[in-house]
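Let me begin by presenting the structure, written as structure tokens, before commenting on it.
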Amino acid sequence: MVILRDDRIDLHSVESIIKARQIVRDCAIMQGFSLVDQTKLVTAASELARNTLIHGGGGEMHIEVIIDGARRGVRATFVDHGPGIPDIDHAMRDGYTSKGGLGLGLGGAKRLVNKFAVTSTVGEGTTVTIERWR
Amino acid sequence: MERIPILKMGSYLLVTIQVDMHDRVTMTLQDELTDQIVRHKAHGVLLDISGVDMVDSFIGRMIGNIAAMSRVLDAETVVVGMRPAVAITLVELGMALPGVRTALNVDAGMTLLKACKKTGMNGYFARRSD
Numbered sequence: 010m011v012i013l014r015d016d017r018i019d020l021h022s023v024e025s026i027i028k029a030r031q032i033v034r035d036c037a038i039m040q041g042f043s044l045v046d047q048t049k050l051v052t053a054a055s056e057l058a059r060n061t062l063i064h065g066g067g068g069e070m071h072i073e074v075i076i077d078g079a080r081r082g083v084r085a086t087f088v089d090h091g092p093g094i095p096d097i098d099h100a101m102r103d104g105y106t107s108k109g110g111l112g113l114g115l116g117g118a119k120r121l122v123n124k125f126a127v128t129s130t131v132g133e134g135t136t137v138t139i140e141r142w143r
Numbered sequence: 019m020e021r022i023p024i025l026k027m028g029s030y031l032l033v034t035i036q037v038d039m040h041d042r043v044t045m046t047l048q049d050e051l052t053d054q055i056v057r058h059k060a061h062g063v064l065l066d067i068s069g070v071d072m073v074d075s076f077i078g079r080m081i082g083n084i085a086a087m088s089r090v091l092d093a094e095t096v097v098v099g100m101r102p103a104v105a106i107t108l109v110e111l112g113m114a115l116p117g118v119r120t121a122l123n124v125d126a127g128m129t130l131l132k133a134c135k136k137t138g139m140n141g142y143f144a145r146r147s148d
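Keeping their order, the protein sequence lines are chains A and B.
Everything in the first sequence is counted per this note's numbering, starting at 10 for the first residue and increasing by one.
Everything in the second sequence is counted per this note's numbering, starting at 19 for the first residue and increasing by one.
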């Protein structure tokens with residue numbers, strides 16, 4: 010696997026969510042994603058960046074532009090050191106919300122990408138990784 | 019601070035979103051729009067999102083809130099100009115914007131608003147004239 014670009018974005022303000030969206034869009038364009046695929050990836054990243062900020066108390070996004078054989082993709086990892094998620098399966102369900110939102114964040118983001126992984130330890134934080142391939 | 023302009027056209031308000039929506043811009047828009055609906059006694063709001071390249075659940079909720087707030091103030095909202103890629107993504111995200119009226123462009127949206135004014139979109143006008 011070849012990594013063409015590797016960036017880290019600090020996520021501690023609402024403005025940083027917009028910056029994260031723009032960088033994810035740039036990476037998707039760089040990989041030749043269709044407009045629909047770009048939009049899906051950027052939307053998933055926006056949901057997760059907001060989770061990192063609101064629920065995780067801030068953190069960072071790590072973005073990689075990757076080539077695996079003939080496949081071109083983008084991977085984004087969202088890391089926070091917040092309270093963690095006690096029951097991930099429960100949190101993935103649509104309608105689950107801990108802060109009065111619509112509860113579409115995690116489950117919705119998962120439907121928009123090809124690969125989705127969450128690890129979380131209560132009291133230590135949460136890491137969510139998404140990948141979308143062309 | 020960035021602001022979203024609200025234009026008055028007869029008894030309707032036109033809101034064209036062309037900036038990247040962040041949280042404060044969104045909250046300011048809700049406040050100003052509800053103020054202007056009351057001040058101008060507006061019958062409808064056209065919310066043009068043709069310049070918006072992504073709608074996540076936060077922005078989707080904002081659109082739903084604007085439609086609900088307007089309705090409570092006796093003005094209907096029609097969302098116009100949604101890009102196809104945004105529509106596909108929103109539905110997959112799980113957000114089909116129930117209760118929000120849409121039209122393909124400003125012209126069609128305006129026609130819909132005028133038709134609503136005549137017949138009563140939610141039935142109240144129709145019942146009143148019975």
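Note that the Cβ used here is the ideal one computed from N, Cα and C, for glycine as well.
Cβ of residue i within 8 angstroms of any chain B Cβ
i, result
"residue 103 of chain A", "yes"
"residue 121 of chain A", "yes"
"residue 114 of chain A", "yes"
"residue 129 of chain A", "no"
"residue 49 of chain A", "yes"
"residue 20 of chain A", "no"
"residue 135 of chain A", "no"
"residue 83 of chain A", "no"
"residue 11 of chain A", "no"
"residue 69 of chain A", "no"
Chain-ordered chain B contacts of residue i [CB-CB under 9 angstroms]
i, result
"residue 27 of chain A", "38, 39, 40"
"residue 88 of chain A", "Simply none; closest approach about 20 angstroms."
"residue 24 of chain A", "40"
"residue 140 of chain A", "Going along chain B, no residue has its Cβ under 9 angstroms from residue 140 of chain A, so there is no contact; the nearest lies around 16 angstroms."
Neighbourhood of residue i by C-beta distance below 8 angstroms, restricted to the same chain and skipping five residues each side
i, result
"residue 148 of chain B", "Low per-residue confidence applies at residue 148 of chain B: pLDDT is 32, beneath 50, and the placement is therefore not dependable, though the value from the model is reported in the following sentence. Contacts found: none."
"residue 51 of chain B", "24, 31, 33, 63, 84, 87, 88"
"residue 116 of chain A", "101, 102, 103, 105"
"residue 141 of chain B", "Confidence is the limiting factor: at residue 141 of chain B the pLDDT is only 45, short of 50, which leaves the residue's position unreliable, though a coordinate-based value still follows. The answer is none, since no qualifying residue turns up."
"residue 54 of chain B", "24, 26, 31, 60"
"residue 51 of chain A", "30, 33, 34, 37"
Beta-carbon proximity list for residue i, same chain, < 6 angstroms, skipping 5 on both sides
i, result
"residue 68 of chain B", "99"
"residue 28 of chain B", "none"
"residue 42 of chain B", "none"
"residue 37 of chain B", "20"
"residue 73 of chain B", "104, 108"
"residue 120 of chain B", "97"
Residue interval of the alpha helix (DSSP H) (run including residue i)
i, result
"residue 120 of chain A", "114-120"
Per-residue burial, residue i [other beta carbons within 10 Å of its own, 16 or more giving buried]
i, result
"residue 62 of chain B", "buried"
"residue 77 of chain A", "exposed"
"residue 131 of chain A", "exposed"
"residue 123 of chain B", "exposed"
"residue 124 of chain A", "exposed"
"residue 137 of chain B", "exposed"
"residue 59 of chain B", "exposed"
"residue 38 of chain A", "exposed"
"residue 96 of chain A", "exposed"
"residue 103 of chain B", "buried"
"residue 31 of chain A", "exposed"
"residue 43 of chain A", "exposed"
"residue 41 of chain A", "exposed"
"residue 66 of chain B", "buried"
"residue 133 of chain A", "exposed"
Proximal residues of chain B, C-beta to C-beta of residue i below 7 angstroms
i, result
"residue 117 of chain A", "75, 111, 112"
"residue 74 of chain A", "Within chain B, no residue comes near residue 74 of chain A; the closest Cβ sits about 19 angstroms away, beyond 7 angstroms."
Residue i, enclosing beta strand (DSSP E) - first and last residue
i, result
"residue 125 of chain A", "124-130"
"residue 113 of chain B", "No beta strand (DSSP E) holds residue 113 of chain B; DSSP gives it neither H nor E."
Chain-order list of residues whose beta-carbon lies under 7 angstroms from that of residue i (same chain, five-residue window excluded)
i, result
"residue 53 of chain A", "118, 121, 122, 139"
"residue 29 of chain A", "18, 20, 54, 58, 70"
Chain-ordered chain B contacts of residue i [CB-CB under 8 angstroms]
i, result
"residue 30 of chain A", "38, 72"
"residue 59 of chain A", "74, 76"
Any non-hydrogen atom of the ligand GTP closer than 7 angstroms to residue i Cβ
i, result
"residue 128 of chain B", "For the structure depicted, the ligand GTP is absent and the ligand set is empty, with no information on it obtainable."
Any chain A beta carbon closer than 8 angstroms to residue i
i, result
"residue 46 of chain B", "no"
"residue 107 of chain B", "yes"
Chain A contact residues for residue i, given Cβ-Cβ distances below 8 angstroms
i, result
"residue 153 of chain B", "Look at the range of chain B in this structure, 19 to 148, and you will see that residue 153 of chain B is not part of it."
"residue 104 of chain B", "48"
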